[in-house]
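Chains A and B are the protein sequences, given in the same order. To convert, note that position 68 of the first sequence is 68 in this note's numbering; the numbers rise steadily by one, no gaps. To convert, note that position 21 of the second sequence is 21 in this note's numbering; the numbers rise steadily by one, no gaps. Here a beta-carbon is modelled for each residue, glycine too, at the ideal position from N, C-alpha and C.
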Amino acid sequence: MEIETGGDACGEESSSPNSDPDDTPDVEEFPSSASADSGAPPRGRFGAGFLQLGARVAHVQRGWRWLPLALAAGLLPLLACWPLGSPAHQGLSGLALTVLVWGALHSGRAAVGLATILLAFASHSGLAISLAALAPDQIAGLFPDGPAYWAKQEAWIRSGHDPEYELASWLPVHFQLLGACFVLAPLTLGLAIFARGFYEVDLMNVYVGTLLRESGGAWGALLVGWHPWSICRGLCYVLLTYELVGRVGEWLTGRSPRPGRARTWRVALAFGFFAADCVIKSSCTEAVRSVLYASLVR
Amino acid sequence: MGDDYHEDEGGGIPGWLYFILIYGGINLVLYLVGAPFLLIPIPRR
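In structure tokens form, the structure reads like this:
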């Protein structure tokens, strides 16, 4: 959405954008204050409510405060669900991250928005991998499909054969994922993508954590356990979801961004990562598997 | 930027609460019909 803001959308923020240096957006393509004719009115009460909520969240995460909030979104739900053995943390982290992204979009801080997503997923992954490596008896409850996913990956690493790693098998799935993002990211303002993203990332985290445990902490497992093509895919959907939610946010709120090339570059980068995912996966699968196999059988 | 949009029309529920209710409803319906699970595949990593 990257809304022109700085004004008092919720009636609680200061009307002077320069009264607190922490409130100043850190990107150049959006103004730090809004003018009376800078955009159309929001679309009904729904759009106005979204604008109000975005302003409230943006106020909470102003300055550097976005950083602990991003960490909290990635870590706290998993920590809370750990003793309960519940997978609810994936949906809760997804919801918390979605709301934080709305705040970043409202204040036009694209760098903060993207860093929030990356930090939430990275911190969550670090904890999930550690749990899978150090407390394997906990993972069945926290990540119900994780052990089955590890079993399939282990069979692939040891045998070198898996029909799902053949181009004709995975390429249509990749395009389906791309299409799903274009439908669900705008429709749910990011929630479905982030919640499902935590679920899918956790499949990978359990796999990497178990691989580390089984290999005795081998460097190969640590370096390529998170496959390079998977990282490209993650970056693609971080950028794409942020932009798609931003576009819908603009439509809902009637706000418009300053002209600039940053958004075009981000979309181009997203498709670049999509292409890199496909190219690297089709060309480097066996090389990565060899490193993982060496780690596993050493 | 006019401030009229953040006023609650007719003294009803606050706009942000209205948004949460509608937004929650949309997501609940999508979840109940299984849209995220049907549309989002799980590619092998």
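query                                                                                                                             : result
Could you pull the start and end residues of the alpha helix (DSSP H) that residue 139/A belongs to?                              : 139-142
If the criterion is Cβ atoms closer than 8 Å, does the pair residue 193/A and residue 184/A meet it?                              : yes
Roughly how many angstroms separate the alpha carbons of residue 226/A and residue 50/A, rounded to a whole number?               : 36 Å
Does the separation of the CB atoms of residue 118/A and residue 238/A fall below 8 Å?                                            : yes
Quick one: what's got a C-beta closer than 6 Å to residue 241/A's C-beta in the same chain, skipping five residues either side?   : 185, 190, 193
Please state whether DSSP places residue 31/B in a helix, a strand or coil.                                                       : helix
On the three-state DSSP scale, how would you describe residue 146/A?                                                              : helix
Could you give the DSSP three-state label for residue 13/B: helix, strand or coil?                                                : coil
Is residue 102/A helix, strand or coil when you go by DSSP?                                                                       : helix
Note down the Cα distance separating residue 221/A from residue 42/A, rounded to an integer number of angstroms.                  : 50 Å
With a threshold of 8 Å between beta-carbons, can residue 32/B be considered close to chain A, or not?                            : no
By the 10 Å Cβ neighbour count, where 16 or more other Cβ atoms means buried, how is residue 180/A classified, buried or exposed? : buried
Going by DSSP in three states, residue 235/A sits in which element: helix, strand or coil?                                        : helix
Under a CB-based cut-off of 8 Å, is residue 25/B close to chain A?                                                                : no
If I follow the unbroken alpha helix (DSSP H) through residue 293/A, where does it start and stop?                                : 262-297
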